[in-house]
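Trainee: Residue numbers (my numbering): 1108 to 1349. Can you keep this structure in mind? I'll have questions shortly.
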């Protein structure tokens, strides 16, 4: 009888297969459902998960979101300036901590710069005009830090900045102090060998640094610079910080 059953089912010549299947079938659980007496906590679990998800969404939405910027790069953590003493364009000592108290657009350059520096300063003049509708206390101060202190005396800085905006602040100092400041902000500066007449250029970053009222670097504007983009991003950063 067993032989006929195997032949009729196509299992002939495969001993043990019928037994294995029967054993597997006999070991299967008749039902995977949760007993009725333990189903009461399932709705509670679903409800708790929903409440947790809603609360997480509230927390995320309440967290301050960084502003959407067109050109500037916002630092996650503002970077404090090194505590140094420089000299302004009037010949007065100027500690870097005096850069606190308001917003500042800071640029590194030198008075003998043939193109990048005057172009950037002219762009900052235009950006200042675009921000002229803001209260005076919330407009940025523009600061030029010389990367050529050997040639850029306070008087030379004052005359140079006077061609752009007399309100601009010029800073110079010892080579050691300037190097410490550029290193603190991650600015690369490299003086080129002088020519036969003693003239030389200084390669430097063209970035504009935004300092917050604590005197720390809050954002960086990469080149090429556009006055309208600087003004718009400045408004967004200041609004987000208020």
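Glycine included, each C-beta is placed from N, C-alpha and C at the ideal position.
What does DSSP give as the partner residues of residue 1297 in its beta bridges?
Mentor: Position 190 of the chain shown holds residue 1297. Per DSSP, 1310.
Trainee: Kindly identify the DSSP beta-bridge partner or partners of residue 1179.
Mentor: On the chain shown, position 72 is the one that residue 1179 refers to. 1328, per the DSSP bridge assignment.
Trainee: Rounded to whole angstroms, what's the CA-CA distance from residue 1328 to residue 1185? Just pull it up for me.
Mentor: Walking along the chain shown from the start, residue 1328 turns up at place 221. Walking along the chain shown from the start, residue 1185 turns up at place 78. Answer to the nearest angstrom: the Cα atoms are 14 Å apart.
Trainee: To which residues does DSSP link residue 1285 through a beta bridge?
Mentor: Within the chain shown, residue 1285 is the residue found at index 178, counting from 1. DSSP output for residue 1285 lists no bridge partner at all.
Trainee: What's the gap between the Cα of residue 1334 and the Cα of residue 1235?
Mentor: Position 227 of the chain shown holds residue 1334. Position 128 of the chain shown holds residue 1235. Cα to Cα, the separation comes out at about 8 Å.
Trainee: Measuring alpha carbon to alpha carbon, tell me which residue in 1336, 1224, 1321 and 1243 is nearest residue 1203.
Mentor: Taking the chain shown and counting its residues from 1, one reaches residue 1203 at position 96. For residue 1203, the nearest C-alpha among the options comes from 1321.
Trainee: Do you know how far the Cα of residue 1241 is from the Cα of residue 1324?
Mentor: Counting from 1 along the chain shown, the entry for residue 1324 is found at position 217. Counting from 1 along the chain shown, the entry for residue 1241 is found at position 134. The alpha-carbon atoms of residue 1324 and residue 1241 are separated by roughly 21 Å.
Trainee: Since residue 1313 contacts residue 1227 with CB under 8 Å, what's their CB separation in whole angstroms?
Mentor: Position 206 of the chain shown, counted from the first residue, corresponds to residue 1313. Position 120 of the chain shown, counted from the first residue, corresponds to residue 1227. Their Cβ separation, rounded to whole angstroms, is 6 Å, which keeps residue 1313 and residue 1227 in contact under 8 Å.
Trainee: Hey, would you say residue 1268 sits closer than 8 Å to residue 1277, going by beta carbons?
Mentor: Sequence index remark: in the chain shown, residue 1268 carries index 161 (1-based). Sequence index remark: in the chain shown, residue 1277 carries index 170 (1-based). Against a cut-off of 8 Å, the Cβ pair of residue 1277 and residue 1268 comes out as a contact.
Trainee: Give a yes or no on whether the C-beta atoms belonging to residue 1284 and residue 1345 are separated by under 8 Å.
Mentor: Residue 1284 sits at position 177 when you count from the first residue of the chain shown. Residue 1345 sits at position 238 when you count from the first residue of the chain shown. The answer is no: Cβ separation not under 8 Å.
Trainee: For residue 1231, which of 1255, 1219, 1178 and 1247 has the nearest alpha-carbon?
Mentor: One-based indexing of the chain shown puts residue 1231 at position 124. Among 1255, 1219, 1178 and 1247, the Cα nearest to that of residue 1231 is on 1247.
Trainee: What's the call for residue 1341, buried or exposed, on a 16-neighbour Cβ count within 10 Å?
Mentor: Numbered from its first residue, the chain shown carries residue 1341 at position 234. Buried: at least 16 other Cβ atoms inside 10 Å.
Trainee: Tell me where the alpha helix (DSSP H) around residue 1345 begins and ends.
Mentor: The count along the chain shown starts at 1 and reaches residue 1345 at position 238. Note, residue 1345: alpha helix (DSSP H), 1334-1348.
Trainee: Where residue 1179 and residue 1316 are concerned, what is the direct C-alpha to C-alpha distance, given to the nearest angstrom?
Mentor: Walking along the chain shown from the start, residue 1179 turns up at place 72. Walking along the chain shown from the start, residue 1316 turns up at place 209. Using only the alpha carbons, I get a separation of about 9 Å.
Trainee: So residue 1287 and residue 1187 are in contact, right, with Cβ under 8 Å, and what is the actual spacing, rounded?
Mentor: Taking the first residue of the chain shown as position 1, residue 1287 is located at position 180. Taking the first residue of the chain shown as position 1, residue 1187 is located at position 80. About 13 Å separates the two Cβ atoms, so there is no contact after all.
Trainee: Assign residue 1261 to one of three DSSP states: helix, strand, or coil.
Mentor: What you label residue 1261 is simply residue 154 of the chain shown in a count that begins at 1. Shown here, residue 1261 sits in a helix according to DSSP, grouped into three states.
Trainee: Taking the alpha carbon of residue 1336 as the reference point, which residue from 1244, 1213, 1218 and 1233 has its own alpha carbon closest?
Mentor: Counting from one through the chain shown, the residue named residue 1336 turns up at place 229. Checking every option, the nearest Cα to that of residue 1336 belongs to 1233.
Trainee: Taking all protein chains shown into account, do 16 or more other C-beta atoms lie within 10 angstroms of the C-beta of residue 1199, making it buried, or fewer, making it exposed?
Mentor: Mapped onto the chain shown, residue 1199 falls at position 92. Label assigned to residue 1199: exposed.
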